[in-house]
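Engineer: First, the structure itself, so that you have it in front of you.
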Amino acid sequence: MGPRGAELRCVRDLARARPCRSRLADQGGSDRAGGDLSEKTDEQTGEREEPTGIAAFRARIEERPTWRRAWRIGVGVVGTAVLVAGIIAIPYPGPGWLIVFAGLAILASEFAWAKRVLKYARGKYDAWTDWLGRQHWAVKILVLLATGAIVLATLWLLNALYLVAGWVGLDHWTWLKSPIFG
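For the sequence shown, position 104 matches number 132 in my numbering, and the numbering has no gaps at all.
Structure follows, in structure tokens:
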């Protein structure tokens, strides 16, 4: 709901004699998840400073509803793509969780729900790593073996194992063929 909707809600709430605070005021002047980046006030003089750099770019986008919608859609598409790539990369060696958190951070720059999910996911990830760090070495080995099994199963389903077997002359091992792509 934009500023106009907040004004309408304020008028509707006058009958109840409640103080009216719009959602825009609650979030620091903007309905974006990150708050208002476009206006700053000089503490000593009280005058508004003109935004520069990224803040000026964002202020121009915020002025036009069509650009704002296109920006949010673009952020949503890019953030979702990065998030999906990270989820796919989680079981593989490398920065799977880093990619997931990057995708959530991209989405959190525009969407409040993503900011909440990012905070929740960080907490759960930290709790998991703390728990795993306290475990006996045998539990750590079991987690490593389970992760390796997931990686091998995925590579087998994607027919990567049979492809590599063909490179080294083991293409007669038909059990390496994927049931999906083989």
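Just so it is clear, CB atoms sit at the ideal spot from N, CA and C, and this is done for glycine as well.
Just reading off the alpha helix (DSSP H) that Asp158 is part of, what are its end residues?
Structural biologist: Its alpha helix (DSSP H) spans residues Ala140 to Arg162.
Engineer: Taking only three categories from DSSP, how would you classify Thr175?
Structural biologist: Reduced to three states, the DSSP call for Thr175 is helix.
Engineer: Is the segment 117–125 close to the segment 161–181, with three or more CB pairs under 8 Å?
Structural biologist: Touching, yes.
Engineer: Give me the Cβ distance between Ile134 and Val112, rounded to the nearest whole Å; I'm assuming they're in contact under 8 Å.
Structural biologist: Wrong, their Cβ atoms sit about 12 Å apart, outside the cutoff.
Engineer: Quick check on the burial criterion: 16 or more other C-beta atoms within 10 angstroms. Buried or exposed for Tyr148?
Structural biologist: Exposed, because fewer than 16 other Cβ atoms sit within 10 Å of the Cβ of Tyr148.
Engineer: Using beta-carbon positions only, say whether Arg97 and Glu90 come within less than 8 Å of one another.
Structural biologist: No, the Cβ-Cβ distance between Arg97 and Glu90 is not below 8 Å.
Engineer: Quick one: what's got a C-beta closer than 7 Å to Leu160's C-beta in the same chain, skipping five residues either side?
Structural biologist: If we look at Leu160 and ignore the five residues flanking it on each side, its Cβ neighbours are Lys168 and Val171.
Engineer: Keeping to the same chain, check which residues put their C-beta closer than 7 Å to that of Val106; ignore five residues upstream and five downstream.
Structural biologist: Closer than 7 Å at Cβ, skipping near neighbours: Ile134.
Engineer: Whose C-beta lies closer than 8 Å to the C-beta of Leu183 among residues of the same chain, with five residues either side of it excluded?
Structural biologist: Counting only Cβ-Cβ distances below 8 Å, and skipping sequence neighbours, we find Leu189.
Engineer: Taking C-alpha atoms, which residue in Leu185, Trp165, Asp199 and Thr157 lies nearest to Pro207?
Structural biologist: It is Leu185 whose Cα lies nearest to the Cα of Pro207.
Engineer: Ala130 and Gly114 - do their beta-carbons sit closer together than 8 Å?
Structural biologist: The answer is yes: Cβ separation under 8 Å.
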